[in-house]
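A.B. asks:
4 protein chains.
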Amino acid sequence: MSSSGVKIAYFGPRGTFTEQAALALAGAVPGEPELVPAATVPLTLAAVRGGAAVAGCVPVENSVEGAVTATMDALAVDEPLVAIAEAVLPVRFTVLVRPGLAAADVRTVASHPHAIAQVQGWLATHLPAAEQVAATSTAGAAVAVVAGTFDAAVTAPVAAAHFPLDVLAEGVADVDDAATRFLLLTRPGRLPAPTGADRTSIVVVAAAERTGVLAEMLTELALRGINLTRIESRPQKGRLGEYRFYLDFDGHIGEERVGDALAALHRRGQQLRFLGSYPKAERALPAAVGADPAGNTDADYTAANAWLTNARLGTLA
Amino acid sequence: MSSSGVKIAYFGPRGTFTEQAALALAGAVPGEPELVPAATVPLTLAAVRGGAAVAGCVPVENSVEGAVTATMDALAVDEPLVAIAEAVLPVRFTVLVRPGLAAADVRTVASHPHAIAQVQGWLATHLPAAEQVAATSTAGAAVAVVAGTFDAAVTAPVAAAHFPLDVLAEGVADVDDAATRFLLLTRPGRLPAPTGADRTSIVVVAAAERTGVLAEMLTELALRGINLTRIESRPQKGRLGEYRFYLDFDGHIGEERVGDALAALHRRGQQLRFLGSYPKAERALPAAVGADPAGNTDADYTAANAWLTNARLGTLA
Amino acid sequence: MSSSGVKIAYFGPRGTFTEQAALALAGAVPGEPELVPAATVPLTLAAVRGGAAVAGCVPVENSVEGAVTATMDALAVDEPLVAIAEAVLPVRFTVLVRPGLAAADVRTVASHPHAIAQVQGWLATHLPAAEQVAATSTAGAAVAVVAGTFDAAVTAPVAAAHFPLDVLAEGVADVDDAATRFLLLTRPGRLPAPTGADRTSIVVVAAAERTGVLAEMLTELALRGINLTRIESRPQKGRLGEYRFYLDFDGHIGEERVGDALAALHRRGQQLRFLGSYPKAERALPAAVGADPAGNTDADYTAANAWLTNARLGTLA
Amino acid sequence: MSSSGVKIAYFGPRGTFTEQAALALAGAVPGEPELVPAATVPLTLAAVRGGAAVAGCVPVENSVEGAVTATMDALAVDEPLVAIAEAVLPVRFTVLVRPGLAAADVRTVASHPHAIAQVQGWLATHLPAAEQVAATSTAGAAVAVVAGTFDAAVTAPVAAAHFPLDVLAEGVADVDDAATRFLLLTRPGRLPAPTGADRTSIVVVAAAERTGVLAEMLTELALRGINLTRIESRPQKGRLGEYRFYLDFDGHIGEERVGDALAALHRRGQQLRFLGSYPKAERALPAAVGADPAGNTDADYTAANAWLTNARLGTLA
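Protein chains in written order, with our numbering: chain A, 127 to 443; chain B, 127 to 443; chain C, 127 to 443; chain D, 127 to 443.
1) What does a CB cutoff of less than 7 Å around Pro314 of chain A pick up in its chain, not counting 5 residues either side in sequence?
2) State yes or no: is the beta carbon of Ile379 of chain D nearer than 8 Å to at least one beta carbon in chain C?
3) Return the CA-CA distance between Ala150 of chain B and Gly440 of chain A, expressed in angstroms with no decimal places.
4) Could you work out which residues of chain B lie near Leu201 of chain D, taking near to mean beta carbons separated by less than 7 Å?
5) Does the count of Cβ pairs from the region 232-248 of chain C and the region 170-181 of chain C closer than 8 Å reach three?
6) Straight-line CA distance for Val330 of chain D to Arg399 of chain D?
7) The beta strand (DSSP E) with Thr166 of chain C in it runs from where to where?
8) Which residue wins for smallest C-alpha separation from Pro216 of chain D, given the options D:Leu311, D:Tyr369, D:Gly402 and D:Arg307?
9) Here's the rule: buried if 16 or more other CB atoms are within 10 angstroms of the residue's CB, otherwise exposed. What is Ser359 of chain D?
10) For Ala213 of chain C, count neighbouring Cβ atoms within 10 angstroms of its own Cβ and tell me buried if that reaches 16, exposed if not.
11) Touch check for the region 316-323 of chain B and the region 245-262 of chain B: three-plus C-beta pairs under 8 Å?
12) Leu310 of chain B: which of B:Gly157, B:Arg140, B:Pro405 and B:Ala432 sits nearest, CA to CA?
13) Tell whether a beta-carbon distance below 8 Å holds between Ile352 of chain A and Phe371 of chain A.
14) When DSSP builds the beta bridges, which residues end up paired with Lys133 of chain C?
15) Could you spell out where the alpha helix (DSSP H) holding Ala229 of chain B opens and where it closes?
16) For Arg224 of chain A versus Val280 of chain A, is the C-beta spacing smaller than 8 Å?
17) Note down the Cα distance separating Asp292 of chain C from Gly402 of chain C, rounded to an integer number of angstroms.
18) Can you give the beta carbon distance from Lys133 of chain B to Val167 of chain B, rounded, assuming they're within the 8 Å contact cut?
19) If I measure Cβ to Cβ from His288 of chain B and keep anything under 6 Å in the same chain, skipping five residues before and after, which residues do I get?
20) Gly416 of chain D to Thr423 of chain D, Cα distance in whole Å?
21) Can you find the residues in the same chain that come closer than 7 Å, C-beta to C-beta, to Thr170 of chain A, ignoring five residues on each side of it along the sequence?
22) Using the C-alpha atoms, what's the distance from Ala389 of chain A back to Gln396 of chain B?
23) Nearest CA to the CA of Phe276 of chain B: which residue from B:Val284, B:Glu257 and B:Glu381?
24) Check Val155 of chain B in the structure and name its three-state DSSP category.
25) Could you check whether the Cβ of Tyr444 of chain C sits closer than 8 Å to any Cβ belonging to chain D?
26) Using the beta-carbon of each residue, which ones in chain A are nearer than 7 Å to Gly351 of chain C?
27) Is the distance from the Cβ of Leu434 of chain D to the Cβ of Ala341 of chain B below 8 Å?
28) So, is Ala410 of chain C buried or exposed, given that buried needs 16 or more other C-beta atoms within 10 angstroms?
29) Tell me which residue opens and which closes the beta strand (DSSP E) that Asp324 of chain D is part of.
30) Would you kindly work out how many angstroms separate the C-alpha atoms of Asp300 of chain A and Pro361 of chain C, rounded to a whole number?
31) Roughly how many whole angstroms lie between the Cα atoms of Asp199 of chain C and Leu373 of chain C?
32) Would DSSP call Phe115 of chain C helix, strand or coil?
33) Please report whether the beta-carbon of Ala414 of chain A lies at a distance below 8 Å from any beta-carbon of chain B.
34) Identify the residues that DSSP records as bridge partners of Pro361 of chain A: which are they?
35) Any beta-carbon of chain C closer than 8 Å to the one on Pro239 of chain A?
36) Could you spell out the range, first to last residue, of the beta strand (DSSP E) harbouring Ala305 of chain A?
Dropping the structure here:
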């Protein structure tokens, strides 16, 4: 346990990619936070909402653990949480086996179905005869190997340090550049300062079921030169046909153009939830910088507001 | 001369539709203003800019005197002026003749070419043999009849009171519902209060020659539910291919959605000139009220701005 | 086995919601098709692509089995498949127990994590002391109960017919109106005829990483009055930041406005995959019918094309 | 008279800028056309509609003769006419005086008011004491000087060849780069072939008075990368508040993207009148070539249509 008593919850169990991400993001929280696994994404967030943890780490995109929609749904309701950091981890898979077991002896290989799907090439070459078995997580598969239920598990690299198993192979993913994105979430408070390469996340519910309503919302962003980086729609309240939209875009709420766009979306939606402005994991400048057709800077927004004030007062030069 | 010494300039001469409009709009200026004709639209505006008159009345749309583009060009440059009132006059034409002259004796009929074009039906029936002669204004035609140069003049109704001529016929326009729009302009100062049925006029120069730039500007209005009522493009600085856009739309700069849209256009344009927010001549509610797809009221704008402030401070409920 | 030898593959195992959907949709395939479970979504689709089955049934939205992203990814690559029918099933859960077991004796309850999450209310009231255990599918949980590993399973109603277990409770979902959507997919061929209440699905990759590119694509739909019903973005080729967009919208490719919109998206995208036009499960008229701002019918499209031909030939009336 | 009997009508009288333009454009008509002045723009167009002339030349933009709105209105109604060529003439003014008269002797100077407005600098320097008098055209002013009514006329350069007057000064315009644009119009028939630098002109009436309708029409152009070069709104049928829009944009109706856009505007409008596709006077490539955000060529349109056909037939590869 850390000396500070500060805790970061993460969607466990130990040995998954999410633990790896939580390790990478722990520096965003002062003190020497202890990492504490939670059984599900909702329980991870509940730990933060309830105060048991100061922050929570969950996957949001392309997780090999399949937890993405759970994250989206959990963030859209209950007490608001905001992201203060993100991590993008390369998806690398390790194959763990019971100590001493050779490849030729592996008859069953377990993992989360998403993970198994991403290592088919290696399995076909090296374990062509092994039965493929689905587990509830990559770490759960390792647990089952330790228990003797299966012979091998496809896991995150970090699992090798948690389980008394041998590493049969590393880097076995079919695609080299796959990646998973994670967020570190806290209760609302002081926002991370803008860095010039930030991302903003929101959930918005359109005010009306009306043709073109999403096109209008995205046009609000486009007209301000804001680059959308991700969009998801999720049925609202368990009903198909009524949707929440999850939007990620470049920029920080502290920037004028982003703030102005958020105000426009707030007016346009019946519900807008701010999920945070935080440094992008890839610290490169956003690809679309300068892509604002009008090329507006914060100074242009300030000048426009000053102009408006003067025009209303009749004091235009 | 009025006792107050207050003067309203108008694009004359006496006896034109513009004098009629100036009479109708004089109540917007305190005191008992004297109406003073100016020879051209630029001279009318110069009288206001220089202080010789407190206000100036000029035609802006569909004038039978053909002065519209002159007005547009004169408003876009030099010291800013803003409209405080508008008038829409039905286009009614009167035929004046030398005293005692019968229709059968009329061999020449003079007027501004736009006026002549609008009474072809009546002329074909009642003065089929008369030669049609172009004059520089409808009142100028009346002057020429007084001088004996021509036999008849097609004029504004008000001309009957200014010239020692007989009224041969009234209401001779081919189309009953033609109309001309006039503005009463002053130096910038206190704006007319919003009435709920106002119009705002601007001149804007796009910041860049870029495909779609006007579509973007109009989309800024449409996304805020603002109804465009008129648009003109005029070559800028005497060069074809570089344009100023003249826009009229429903609403008052004091309204949140209009102010927000103007700020957006200000950012987007390299030049934005505010030409005033003033009561619409037709006092009906704008046809498109409620047409905002998002249905936003001023309160929605205020709420969105308050929300943004709280989101930036991390104090969202 | 059916007499016809015609097979419909579905994402199994037997006893899941997907089997229920496959039963409901089997009528869309001539003959008396036999339903054959496949272990994963990709294997289900592979059976269709390879000809082992004439059609395949997979979940696409809000599945309690968590298979949605797998479906999306599997449809975007390899040989094209098109949907010919969809089913929307209410999400109803049944609790199965070993024969003779009373609620008071249940110490472990297993199911897919998404299913467990949706019955928390019932579990808190009726099985408050039971340990909740994750399984790889709802039917997998039933298998484990049969094997004696766990005491109870939360399953689809259909599972009661497949497993030698007792029904402890039915209709235990927290939310009454939850639903899951499934597609029945075939190799491209004759399309289902338009019914007036159809849906079209596509996958599109934007031609360029450019601010506003998705706003433009959705505006192409909105300008033609086409109601978007769902959108997802999925990272392409395993890389974050490059996305495929999955779009569902009202209408049939055989309709002029839908065909015109698809051609526009085809030009705009670097890849457009047509996933089918098929009757909507809810046979009501689309909510947004008549929402085309221009109100265009097929006849308007035909008339516009005829006009264009004449204008090009110089034969306009 | 020409040997061919072919006639081009132009908005006269002789000696105006429009005659200059007609001379410049005569080569677009086979034979050796004779140029015939008509008294007004409507009469010029009537000569073409009635067959008395094969083509008519009229000003459409920034005319010193003030005839632009007359042209717009005359083109929007009655039998359709289409432009086959345009000319842009630099606005150069010449000052003509009675033979032998010196500048010091000029007491009155006449011209069309628009022309007078454009030579104020020269007049202030060289004829500061002369009274400025309005005439109905620049050539009309020259006629009045010949008749002895006035001392000097500000005219088009071509007027020097028509009237027995002396040239007092040439090139007296305040702004060097002013220009006027003219169209050569014929009855519909074979269109000029695309040259790669063409312009298309239309008149369109929106199908409904609805907020955002013009924004939508311009977005149809922008989404296809079509560069709008001019827009005017004119009250329809003499009523303010109902508008026709006059649009000029780059491209030729024979191009796929232009044809596709025209079909979209045709569907969207209650009236669309095609005014021709013709080579731009400035033969440079359009400034905005390549500005189509999607970068579509004719081949992309053809490919999209072929794709649509195959998708509808179920014959996609």
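A virtual CB, placed ideally from N, CA and C, is assigned to each residue, including glycine.
C.D. replies: In short, the structure shows the following:
1) Correct list, in chain order: Pro206 and Val208.
2) So, interface residue.
3) Cα to Cα, Ala150 of chain B sits roughly 25 Å from Gly440 of chain A.
4) Neighbours of Leu201 of chain D on chain B: none; closest Cβ ~14 Å, over 7 Å.
5) The way I'd put it, the region 232-248 of chain C doesn't touch the region 170-181 of chain C; fewer than three beta-carbon pairs between them come closer than 8 Å.
6) Between Val330 of chain D and Arg399 of chain D, the C-alpha separation is close to 6 Å.
7) Where Thr166 of chain C is concerned, there is no enclosing beta strand (DSSP E), because DSSP gives it neither an H nor an E.
8) Residue D:Arg307 is the option with its Cα nearest to Pro216 of chain D.
9) That one is buried.
10) By the neighbour-count criterion, in which 16 or more other beta carbons inside 10 Å mark a residue as buried, Ala213 of chain C falls on the buried side.
11) Counting C-beta pairs closer than 8 Å gives fewer than three between the region 316-323 of chain B and the region 245-262 of chain B, which falls short of the contact rule.
12) The residue with the shortest Cα to Cα distance from Leu310 of chain B is B:Pro405.
13) No, the pair does not count as a contact, with Cβ atoms beyond the cut-off.
14) Lys133 of chain C is bridged to C:Glu160.
15) Annotation for Ala229 of chain B: no alpha helix (DSSP H) segment contains it, and DSSP assigns it neither H nor E.
16) At a Cβ-Cβ threshold of 8 Å, Arg224 of chain A and Val280 of chain A do not count as neighbours.
17) Distance between the alpha carbons of Asp292 of chain C and Gly402 of chain C: 41 Å.
18) Not a contact, Cβ separation roughly 17 Å.
19) Excluding sequence neighbours, His288 of chain B sits near Arg140 and Gly141.
20) Its pLDDT being 38, under 50, Gly416 of chain D is placed unreliably in this model, and the value from its coordinates should be taken loosely. Each residue's Cα considered, the two are about 9 Å apart.
21) Correct list, in chain order: Ala135, Tyr136, Phe137, Ala164, Gly182 and Val184.
22) So the two alpha carbons sit approximately 24 Å from each other.
23) Closest option to Phe276 of chain B, Cα to Cα, is B:Glu257.
24) When DSSP states are grouped into helix, strand and coil, Val155 of chain B belongs to the coil group.
25) Only positions 127 to 443 of chain C appear in the structure, and residue 444 of chain C is not among them; the question remains open.
26) By Cβ distance, chain A contributes Thr337.
27) In this structure, Ala341 of chain B does not lie closer than 8 Å to Leu434 of chain D by Cβ.
28) Its pLDDT being 45, under 50, Ala410 of chain C is placed unreliably by the model, and nothing is read from it.
29) Element bounds for Asp324 of chain D: Asp324 to Ala332.
30) So the alpha carbons of these two residues sit roughly 16 Å apart.
31) If you take the alpha carbons of Asp199 of chain C and Leu373 of chain C, they lie about 13 Å apart.
32) Chain C is shown only over 127 to 443; residue 115 of chain C falls outside these bounds and no answer can be derived.
33) A caution first: Ala414 of chain A carries a pLDDT of 39, below 50, which makes its placement in the model unreliable, though a value can still be read off. So no, Ala414 of chain A is outside the interface.
34) Its beta-bridge partners are A:Tyr369.
35) True, the Cβ-Cβ gap to chain C drops below 8 Å.
36) Ala305 to Thr312 is the extent of the beta strand (DSSP E) around Ala305 of chain A.
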